[in-house]
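Here is the structure we will look at.
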Ligand code: HEM
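What follows is the structure, given as structure tokens:
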């Protein structure tokens, strides 16, 4: 479920964060040496005890990493300390109840502004369509959610129409399209 | 808002007149195929080589229906899958203007044993296929991902190139008597065209189309890679076997082909088991029958290589591969693609049109029943060497063909009406 936020815009879990329950990992030296720290980060995440927050120091806001870990149920909160120093905190959330996506390859999935957001780019067709229809048919994502797709999902439209759902492009760039998929209103 | 989304999708799709001219031609030649089979039923069972009505019949099915459908479907679907637009719609249109008349002249030349027509037709049809070859290669070049499907496309196109080159050589040899080994050339042409070009493209597209129709996760990439590797090696060994007259090589190729087909069918069965759409309807009856016919053709091929074919064994083999597997499969695919394209291109601001609102879906049932009954009776007629039974099968197939053709014509009529309305309407 989406995290509640306090008046400063930080999520509750971050505001109440006890730094003693925080593990720190500074990836700046690795990046400076030209090493991709992803494998080490993932190993660290796998070894994390329940309830412990992982703090990563990086020279930028690692958005793709945040998306990736969101897919594994981690909420994240970035804090910019200076121009090239960011601290990003990862906290494991209770996994939302979503329909089974068995048989599909893993893809980043996170809750954003109260709605589910899935990044289905790079998946072999028709897996993006299957993921969207599983979410629609299984419920669990409410009446609206967004997906990133790397191609016009032309074959999805008739399927959506049949189920009384619709699609709207909300963002488009060279990396793909972000599409909001929502239930047709009764009227 | 759907209107906005759909307009983007429509831009990605080619103008409907491009795929539909190929699909309409395919449906027309499909009806014509059964009609000629009905007329010339007496010449089919014992056919082995040479020009005449049976050669025209074979090419009505292969160049007229199968290749025509594959061209329409590739132009329509490949750009969506690769996310690259084709190099120019005018080239696709040019392709139709060169290929379709070229094919008609070739088929007539074959039918009437009229060699100059065969030569001219072969030249134009060959040129058309060359344009198709370059369009596809240009579109799939440098595509990242979907390695197994791309490998199928590459292999299929290279085999098409070789099949067409040999096809033209066969015509020249028939006309000028170049003293080439016509039997080995014709058999190589058969393997390259039916198992190389057509079967590989059909299998490659299956990895996207079948899960899309059934709404199921795509089968594993590894499966597709193993299948294409076995199949390509099998085809090369088969060509070596034919041209060196070594039957044991042909047997090795056949067995390897069965392994390749086994991987393919395993992938398809996985898709079928994990599908979300439970009622798949008539198209999948056809597709499932084609999945039985493909291994059956290979098993029957092995019986022949072992020297156990009875009289008419070759005709039965060609029937299983061309009508049983390929025509049945592509008929099922057409039954899904045509309503989809119709619904996308015929969409209005209320969203895509529902397939059932465009034309009576029972036309597809008629098509399927006619096609399958045609297949069974023609096979039976070949086995018992009875022209009347073959003719009965052809008649049933003809009625089924009219079902498909009527559906296509109704959808094309609807789309052109819509296009005229939107060109002259106030909006
Ligand atoms: C421009 C292209 C083509 C030309 C000029 C052509 C020409 C020919 C000729 C002259 C023969 C007769 C050989 C003989 O029996 O003496 C033949 C046989 C055949 N062709 Fe084609 N062909 C072409 C394309 C294709 C394609 C694309 C397919 C399949 C998709 C195909 C399938 C067949 C089959 C199944 C046979 C029967 C072979 C046999 O009897 O063993 N052809 N072709």
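Protein chains in written order, with this note's numbering: chain F, 135 to 321; chain S, 1389 to 1815.
Beta carbons are placed, not taken as given, at the ideal position from N, Cα and C, and that holds for glycine.
Burial state of residue i (16 or more Cβ within 10 Å)
{"i": "residue 240 (chain F)", "result": "exposed"}
{"i": "residue 1824 (chain S)", "result": "Beyond the ends of chain S as shown, which are 1389 and 1815, falls residue 1824 (chain S); an answer cannot be given."}
{"i": "residue 1657 (chain S)", "result": "exposed"}
{"i": "residue 163 (chain F)", "result": "exposed"}
{"i": "residue 1569 (chain S)", "result": "exposed"}
{"i": "residue 1801 (chain S)", "result": "exposed"}
{"i": "residue 1413 (chain S)", "result": "buried"}
{"i": "residue 1814 (chain S)", "result": "Annotation note: pLDDT 45 at residue 1814 (chain S) (below 50); position unreliable, coordinate value reported separately. Exposed: under 16 other Cβ atoms inside 10 Å."}
{"i": "residue 1408 (chain S)", "result": "buried"}
{"i": "residue 1529 (chain S)", "result": "exposed"}
{"i": "residue 1655 (chain S)", "result": "buried"}
{"i": "residue 1688 (chain S)", "result": "buried"}
{"i": "residue 1652 (chain S)", "result": "buried"}
Residue i: CB within 7 Å of a non-hydrogen atom of the ligand ZN
{"i": "residue 1586 (chain S)", "result": "In terms of ligand content, the structure shown lacks the ligand ZN and carries the ligand HEM instead."}
DSSP-derived helix/strand/coil call for residue i
{"i": "residue 1801 (chain S)", "result": "helix"}
{"i": "residue 192 (chain F)", "result": "strand"}
{"i": "residue 145 (chain F)", "result": "strand"}
{"i": "residue 1394 (chain S)", "result": "The predicted position of residue 1394 (chain S) is uncertain, since its pLDDT is 40 and thus under 50; a value taken from the coordinates is nonetheless stated next. Residue 1394 (chain S): helix per DSSP, three-state reduction."}
{"i": "residue 312 (chain F)", "result": "strand"}
{"i": "residue 222 (chain F)", "result": "strand"}
{"i": "residue 1809 (chain S)", "result": "helix"}
{"i": "residue 234 (chain F)", "result": "coil"}
{"i": "residue 1405 (chain S)", "result": "helix"}
{"i": "residue 1414 (chain S)", "result": "helix"}
{"i": "residue 187 (chain F)", "result": "strand"}
{"i": "residue 210 (chain F)", "result": "strand"}
{"i": "residue 159 (chain F)", "result": "strand"}
{"i": "residue 253 (chain F)", "result": "strand"}
{"i": "residue 182 (chain F)", "result": "coil"}
{"i": "residue 216 (chain F)", "result": "strand"}
{"i": "residue 1796 (chain S)", "result": "helix"}
{"i": "residue 243 (chain F)", "result": "strand"}
{"i": "residue 307 (chain F)", "result": "strand"}
Under 9 Å by beta carbon: chain S residues contacting residue i
{"i": "residue 240 (chain F)", "result": "The contacting residues do not exist; residue 240 (chain F) stays about 12 Å from chain S at best."}
Per-residue contacts from residue i into chain S (C-beta, under 8 Å)
{"i": "residue 237 (chain F)", "result": "1604, 1605 and 1662"}
{"i": "residue 208 (chain F)", "result": "Chain S residues near residue 208 (chain F): none, gap ~25 Å exceeds 8 Å."}
{"i": "residue 263 (chain F)", "result": "1600 and 1603"}
{"i": "residue 267 (chain F)", "result": "1603 and 1664"}
{"i": "residue 157 (chain F)", "result": "Residues of chain S passing the Cβ test: none, with the nearest at roughly 36 Å."}
Closer than 8 Å at the beta carbon, the chain F residues around residue i
{"i": "residue 1339 (chain S)", "result": "Lying before the first or after the last residue shown, residue 1339 (chain S) is absent from chain S, which here runs from 1389 to 1815."}
{"i": "residue 1728 (chain S)", "result": "289 and 292"}
{"i": "residue 1533 (chain S)", "result": "256 and 258"}
{"i": "residue 1445 (chain S)", "result": "Within chain F, no residue comes near residue 1445 (chain S); the closest Cβ sits about 35 Å away, beyond 8 Å."}
{"i": "residue 1401 (chain S)", "result": "288"}
Neighbouring residues, chain F, relative to residue i (Cβ below 7 Å)
{"i": "residue 1469 (chain S)", "result": "259"}
{"i": "residue 1731 (chain S)", "result": "292"}
{"i": "residue 1596 (chain S)", "result": "259 and 260"}
Closer than 7 Å at the beta carbon, the chain S residues around residue i
{"i": "residue 285 (chain F)", "result": "1468 and 1471"}
Cutoff 8 Å: residue i Cβ touching any chain C Cβ
{"i": "residue 305 (chain F)", "result": "The structure shown contains no chain C; the protein chains it does contain are F and S."}
Residues that residue i contacts on chain F, provided the C-beta gap is smaller than 9 Å
{"i": "residue 1725 (chain S)", "result": "None at all; the shortest Cβ gap to chain F is about 10 Å."}
With a floor of 4 residues, list each alpha helix (DSSP H) that falls wholly inside the segment 1465-1542 of chain S, ordered by position along the chain. 1477-1499 and 1503-1528
Curious, which full-length alpha helix (DSSP H) runs of at least 4 residues does the segment 1437-1465 of chain S contain? 1441-1447
contact_flag[the segment 1658-1671 of chain S, the segment 1592-1612 of chain S] where n(CB pairs < 8 Å) is 3 or more: yes
Across the segment 1419-1428 of chain S and the segment 1787-1795 of chain S, are there enough close Cβ pairs to call them in contact, namely three or more that are closer than 8 Å? yes
Where are the alpha helix (DSSP H) runs, 4 residues long or more, that stay fully inside the segment 1596-1656 of chain S, in chain order? 1609-1632
Runs of alpha helix (DSSP H) lying entirely within the segment 271-305 of chain F, each at least 4 residues, in chain order: 290-296
Between the segment 1477-1487 of chain S and the segment 1428-1446 of chain S, do at least 3 Cβ pairs fall closer than 8 Å? no
Cβ contact check for the segment 272-279 of chain F and the segment 220-229 of chain F: 3 or more pairs under 8 Å: no
Taking 8 Å as the threshold, find out whether the segment 1716-1733 of chain S comes into contact with the segment 1641-1658 of chain S through three or more Cβ pairs. no
Inter-stretch contact at 8 Å, needing at least 3 Cβ pairs: the segment 1676-1683 of chain S / the segment 1706-1722 of chain S: yes
Going residue by residue through the segment 1550-1596 of chain S, where are the continuous alpha helix (DSSP H) segments of at least 4 residues, counting only ones entirely within it? 1570-1578
Within the segment 1644-1724 of chain S, ranges of the alpha helix (DSSP H) (whole runs, at least 4 residues): 1669-1693 and 1701-1706
Determine contact between the segment 1622-1636 of chain S and the segment 1487-1497 of chain S, defined as no fewer than three beta-carbon pairs at a distance below 8 Å. no
Taking 8 Å as the cut-off, does the segment 185-192 of chain F touch the segment 156-173 of chain F (at least 3 CB pairs, one atom from each stretch)? yes
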